[in-house]
Amino acid sequence: MEGVLLKWTNYMTGWQPRWFVLGGGVISYYDCEDDVGKGSKGSIKMSVCDIKGQRAALAAAALATRPNLHRALPLCVSVHPADPTRLELIIPGEQHFYVRAVNAAERQRWLVALGSSKAGTLERHKHRGTGS
1 MEGVLLKWTN
11 YMTGWQPRWF
21 VLGGGVISYY
31 DCEDDVGKGS
41 KGSIKMSVCD
51 IKGQRAALAA
61 AALATRPNLH
71 RALPLCVSVH
81 PADPTRLELI
91 IPGEQHFYVR
101 AVNAAERQRW
111 LVALGSSKAG
121 TLERHKHRGT
131 GS
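Take full-length UniProt numbering: the last position of the sequence shown gets the number 132, and nothing is skipped along the way.
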């Protein structure tokens with residue numbers, strides 16, 4: 001999945017549009033779509049990322065595609081108290097991406113994609129560990 005999300009940059013410039021690309025178990029961002037070939041400004045591996053967003057919708061979407069997922073998906077997911085378009089991507093103790101979608105439906109699309117990506121990386125690690 002790829003598209004524009006608003007990323008919190010700092011108190012001087014606030015929320016800025018950035019081009020995000022989710023693929024191969026990694027979410028990366030760029031100043032704009034044209035910069036994708038030049039290297040990302042930042043990225044997070046989904047396998048080490050906690051996702052804060054909409055718990056019920058993400059869990060339902062993930063479980064709909066993988067019924068046994070609840071045993072392998074330790075996501076930190078919660079609704080932002082005042083902003084239905086916002087989500088946070090966190091490597092605990094290291095890195096935070098604060099982002100906002102253009103609307104709640106778009107945030108939901110990202111949450112499902114992020115949850116699926118994280119679940120896929122966890123499934124791959126689980127199978128590697130068991131020799132499957």
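All C-beta atoms, glycine included, are put in the ideal place defined by N, C-alpha and C. If you're wondering where the values come from, they're calculated on a predicted model, not measured in any experiment.
Residue from the options with nearest C-alpha to residue i
i: residue 26; options: 89, 98, 102; result: 89
i: residue 101; options: 9, 29, 17; result: 17
i: residue 35; options: 19, 83, 114; result: 19
i: residue 7; options: 105, 93, 42; result: 42
i: residue 120; options: 1, 10, 9, 24; result: 24
i: residue 194; options: 30, 82, 44, 94; result: Limits of the chain in this structure are 1 at one end and 132 at the other, which puts residue 194 out of reach.
Backbone CA spacing between residue i and residue j [nearest angstrom]
i: residue 46; j: residue 118; result: 5 Å
i: residue 38; j: residue 32; result: 11 Å
i: residue 87; j: residue 12; result: 21 Å
i: residue 40; j: residue 96; result: 16 Å
Residue i in three-state terms, based on DSSP
i: residue 45; result: strand
i: residue 28; result: strand
i: residue 36; result: helix
i: residue 120; result: helix
i: residue 91; result: strand
i: residue 16; result: strand
i: residue 4; result: strand
i: residue 113; result: helix
i: residue 63; result: Confidence at residue 63 is low in this model, with a pLDDT of 45, below 50, so its placement is unreliable and the value that follows should be read with caution. Residue 63 falls in the helix class under three-state DSSP.
CB contact flag (residue i, residue j, <8 Å)
i: residue 21; j: residue 91; result: no
i: residue 107; j: residue 84; result: yes
i: residue 5; j: residue 112; result: no
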